[in-house]
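Let me begin by presenting the structure, written as structure tokens, before commenting on it.
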Ligand code: PAF
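Numbering (the working numbering), first residue to last: 516 to 737.
So, in structure tokens, the structure goes:
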């Protein structure tokens with residue numbers, strides 16, 4: 516059995532490992548996550564394993580993307596289980612910095628989003644996407660990936676990050692992985708654990724409705 520991924524906590528150590536691999540001509544794939552890994556994350560990690568020579572999965576619950584009164588403190592954390600899943604996949608590195616490591620004293624700079632951030636999920640979560648782009652930029656700088664893998668499930672996030680990669684000229688290729696779903700069609704998500712039976716039924720209806728609209732569009736409906 517593999518001994519599991521190397522766990523890296525410091526940005527400087529992560530950069531040193533990544534530079535070493537890049538100099539040796541190896542392609543680095545990054546899968547950014549907030550942990551509590553489910554099949555959606557694992558499918559991205561598998562994609563990364565098949566397209567890269569070394570894979571880094573980051574596990575970091577990012578405080579700046581949670582608004583006041585949101586679930587930062589209670590966000591599900593499952594370190595041991597996450598590591599076991601990544602070991603089974605053969606992932607090479609887990610980058611798991613502390614909050615102080617990614618947001619050091621004197622931290623004063625944010626990546627601000629001014630396209631696509633104030634609709635859909637962002638309409639009720641002011642500042643959320645600034646937190647996401649800021650941490651993703653930090654993760655890119657720490658891991659120096661050739662490829663970065665995100666889920667299509669978070670479609671708004673994926674579009675905003677795609678634009679950030681283009682406008683800030685990050686030298687990497689963004690890869691999007693398909694949404695992985697529960698048997699009843701609900702997209703897998705760490706926060707599904709918050710849904711009661713009623714919410715769950717409603718969430719499923721949303722998926723069915725969107726699928727019906729998609730099929731109608733494909734059939735030429737306008
Ligand atoms: O999609 C997520 O889990 C997070 O928003 C991300 C991209 C890891 C940034 O914290």
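Here a beta-carbon is modelled for each residue, glycine too, at the ideal position from N, C-alpha and C.
Query	Result
heavy atom of the ligand NAP below 6 Å from residue 548 C-beta	In the structure on display, the ligand NAP does not appear, and the ligands it does have are the ligand PAF.
Distance, residue 580 Cα to residue 739 Cα	Because residue 739 is not part of the residues shown, which for the chain are 516 to 737, the question remains open.
C-beta contact flag for residue 606 and residue 570 at 7 Å	yes
Sequence ranges, alpha helix (DSSP H) only - wholly within the stretch 619-696, length at least 4	635-638, 643-658 and 670-682
Residue 569 (DSSP reduced to helix, strand or coil)	strand
Proximity below 7 Å, CB of residue 566 to CB of residue 662	yes
Helix, strand or coil at residue 587 according to DSSP, with G and I counted as helix	coil
Which listed residue (670, 576, 658 and 680) has its alpha carbon closest to that of residue 646	576
Supposed close pair residue 572, residue 548 - CB separation, criterion 8 Å	6 Å
The stretch 581-599 touching the stretch 685-700, judged by at least three CB pairs closer than 8 Å	no
Stretch-stretch touch, CB-based, cutoff 8 Å, three pairs: the stretch 554-564 with the stretch 531-541	no
Status (buried if at least 16 other CB within 10 Å, exposed otherwise) for residue 657	buried
heavy atom of the ligand PAF below 6 Å from residue 650 C-beta	yes
Closest residue to residue 604 among 727, 519 and 695 (Cα-Cα distance)	519
Contacting residues, own chain, Cβ-Cβ under 7 Å from residue 710 (five flanking each side not counted)	718
Cβ neighbour criterion (16 or more within 10 Å) applied to residue 734	exposed
Unbroken beta strand (DSSP E) run spanning residue 609, endpoints	608-610
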